[in-house]
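Number 212 in UniProt numbering belongs to position 212 of the sequence shown; there are no gaps in the numbering. Cβ coordinates follow ideal geometry from the N, Cα and C atoms, glycine included. The next block holds one structure in the form of structure tokens; read it before the comments.
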Amino acid sequence: MFGWFKKKSRAKPRPARRLPRRVLAPVEEIVEQGLLVAEVAVRMSVKNAIIMNALKKRVAYDAGQIVDMVQSATEELAAERERDARHISRMRNEIRDTGRSSWSESDYGNDDNRTLRHRQEVYERVAEELRKRADDPEYLQETATRSRNLAWDEIGGSLADRATHPYYSGGDSDEYREARDERIQQLIEKDLTSLIQKQDPKPQKTRRFLKKDRDDS
């Protein structure tokens with residue numbers, strides 16, 4: 001009974017989540033890995049754009065246009081890494097001013113500053129290198145050539161597969177003959193039956209005759 005008047009205890013504040021303290025890999029090593037990932041991403045992005053526009057829009061790019069596409073994709077990745085670096089910089093400033101930051105799902109505090117500074121430096125270095133690549137004609141030309149070759153290899157492989165498919169390539173294989181027989185059967189059962197029904201004034205008798213013929217055969 002007296003429990004009704006018991007004062008409710010306040011919920012405990014959620015403890016701030018800290019990044020685990022660990023040995024951080026050298027910035028140079030992570031930057032190198034990040035640039036490798038970025039290079040692959042640029043090639044795949046340009047390659048896919050070439051393929052999609054070639055097959056769907058019948059657009060053929062010249063060498064200069066592909067170089068521009070590589071430059072644009074590289075600059076876009078650089079801008080993304082710069083935004084990441086600025087985001088972490090804001091987090092660190094908030095931690096410095098208030099002792100904590102809640103810019104993400106996790107709460108970061110002073111103990112996390114070392115790891116956040118490491119991440120910020122990585123993002124800044126990757127962005128800096130990507131900006132240099134976007135202004136490097138040799139890199140742009142080489143990446144454009146590789147992207148174009150990847151695209152045409154993939155398109156050529158797709159066309160080769162289609163050309164060798166039994167439906168298109170001729171009647172030398174069992175698969176083609178089976179497909180041919182199926183198409184002939186469809187012609188007999190659907191197209192010719194429909195034609196006979198249009199010409200015969202008594203379609204019901206025609207259908208019975210056709211059924212009897214099939215039973216007798």
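The beta-carbon separation of ALA134 and GLU75, rounded to 5 Å, stays under the 8 Å limit for a contact. Contact between the region 33-45 and the region 122-133 is present, with at least three C-beta pairs closer than 8 Å.
If you look at VAL23, you'll find it isn't in any alpha helix (DSSP H); DSSP assigns it neither H nor E. Note on geometry: alpha-carbon atoms of THR145 and GLN71 lie some 13 Å from one another.
Bounds of the alpha helix (DSSP H) holding ALA85 are 63-98. When DSSP states are grouped into helix, strand and coil, ASP135 belongs to the coil group. Between ALA63 and ALA54, the C-beta spacing is not below 8 Å.
Taken atom to atom, the span from the alpha-carbon of ILE88 to that of LEU150 is near 36 Å. MET69 has its alpha-carbon roughly 11 Å from the corresponding atom of MET44. The C-beta of ARG125 has 16 or more other C-beta atoms within 10 Å across all chains shown, which makes the residue buried.
By the CB criterion at 8 Å, ARG100 and ASN113 fall outside the cutoff. Apart from sequence neighbours up to five positions away, the residues of its chain that approach GLU94 with a beta-carbon distance below 6 Å are SER101, ordered along the chain. Around the beta carbon of LEU77, 16 or more other beta carbons lie within 10 angstroms, which makes this residue buried. Under the criterion of beta carbons closer than 8 Å, VAL67 and GLN141 qualify as touching, at roughly 6 Å. Taking 8 Å as the cut-off, the beta carbon of ILE51 is found closer than this to the beta carbon of GLU154.
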